[in-house]
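Mapping to the UniProt record's numbering: the sequence shown position 4 is 4, numbers consecutive. Single-structure report; data block below.
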Amino acid sequence: MHDDQHGTAIITSAALMNASEMIGIKIEDMKIVVVGAGAAAIACSTMYKELGVKNLIMCDSKGVIHKGRTDLNKYKKEFITQTDITTMEEAFKDANMVLGLSKPGTFSQEHIKLMSEEPIVFTLANPTPELFPEEVFEVKPKAIVGTGRSDCPNQVNNVLVFPFIFRGALDVQARTINMQMKICAAKAIANLAKEPIIEELKESFGNLTYGKNYIIPIPFDKRLMVEVSSAVASSAVESGVARVKDFDLEKYREKLISMI
């Protein structure tokens, strides 16, 4: 488990789960473009495939990763597109989602224009995203947009993940953190966004409600420890990697609640 890789995969998966629900398209039916082919992008793409994504196109600094490329390492080769797409423009054409894990300027408003009418756009380059939300909305007003920034709606940040996935794994003495545990963590985060925001956060963040500008919880939501840690711990037990015997989920949740 590496925070910048798998933590990013989990939080973007949580955001994708809710965003796909909002636009009414199943994850497995989406066309997804991943711009960036580093460790985080590969971890995200691997998890998306576990969620059922079939049409995923990855792009690196030289463009689309396709079967005609001869400069690919073994990690990138796993994501050679099975289509005839070879250009960024073809990749973005009618795409339902783009995940940016690259740098500012790697794709533009012109690329966003090529996407579906209600696209999911996660521009996660830090500190400056590939595109700011207002730039996306100028060309796709119905888009769902997330960045890594705290001063924009939908902060897609792995800080929502790593403290709590480790809490759950350590509390049941898990031998490893497997994909099932990661998916359960993502589902727990996604589900928490659908709950009313807690009172103590309203003064700072307003009365946030589940919708296009609030697809994942804010990092200061104390319930994350309860929901994510318990989901991860339970999944570790169910998947046979926990060393702790006689795990009682309700008692564990009560313990976590007493700590916040």
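Even glycine gets a Cβ: it sits at the ideal position worked out from N, Cα and C.
Would you kindly check if the distance between the Cβ of Ile120 and the Cβ of Ile144 is under 7 angstroms?
-> Contact: yes.
Environment of Ile165 [buried if 16+ CB atoms lie within 10 Å] = buried
Can you tell which of Met115, Leu72, Thr147, Gly105 has the C-alpha that lies nearest to the C-alpha of Ile215?
-> Thr147
Take Ile10 and list the residues in its own chain whose beta-carbon comes closer than 6 angstroms to its own, dropping the five residues that flank it on each side.
-> Excluding residues within five positions, the ones whose Cβ falls inside 6 angstroms are Val161, Lys182, Ala185, Ala186.
Identify the residues that DSSP records as bridge partners of Asn55: which are they?
-> Lys31
7 angstroms CB neighbourhood of Ser102 in its chain, flanking five on each side removed = Val35, Gly36, Ala125, Glu130
Limits of the unbroken beta strand (DSSP E) element including Met1 = Element bounds for Met1: n/a, residue is neither H nor E.
Between the C-alpha atoms of Ser20 and Met225, what's the straight-line distance to the nearest angstrom?
-> 25 angstroms
Short check: CB of Met97 to CB of Ile32, under 7 angstroms?
-> yes
How big is the Cα-Cα spacing for Leu51 and Phe79?
-> Their Cα atoms are separated by approximately 15 angstroms.
Contact check, Leu114 vs Phe132, beta carbons under 7 angstroms | Cβ distance not < 7 angstroms, so Leu114 and Phe132 don't count as in contact.
Rounded distance between the beta-carbons of Gln180 and Ser239, thought under 8 angstroms | 5 angstroms
Please name the residue, chosen from Ile42, Glu90, Tyr48, that lies closest to residue 326 on a Cα-to-Cα basis.
-> Nothing about residue 326 can be reported from this structure: the residues present for the chain run from 1 to 260 only.
Does the beta carbon of Gln5 sit closer than 7 angstroms to a beta carbon anywhere in chain D?
-> Any reference to chain D falls outside this structure, which holds one protein chain only.
Got a sec? Which residues, its chain only, sit under 6 angstroms from Glu28 by beta carbon, not counting five neighbours each side?
-> Cβ within range, chain order: Gly52.
Report the residue from Lys212, Ala236, Phe220, Ala190 whose alpha carbon sits nearest the alpha carbon of Glu203.
-> It is Phe220.
In whole angstroms, what separates the C-alpha of Ile218 from that of Glu227?
-> 14 angstroms
Check whether the Cβ atoms of Val232 and Phe247 lie closer than 7 angstroms to each other.
-> no
Assuming Val64 and Val172 make a contact with CB atoms under 8 angstroms, what is their CB distance in whole Å?
-> With a Cβ gap of about 42 angstroms, Val64 and Val172 do not count as contacting.
Where DSSP assigns a beta bridge to Ala174, which residues make up the other side?
-> In the DSSP output, where bridge partners are listed per residue, Ala174 has Ala242.
Neighbourhood of Ala190 by C-beta distance below 6 angstroms, restricted to the same chain and skipping five residues each side = Ala14, Met17, Asn18
Three-state secondary structure (DSSP) of Gly100 | strand
DSSP puts Gln155 in a beta bridge; with which residues?
-> Thr147
Per-residue DSSP class, three states only, for Ile23 = helix
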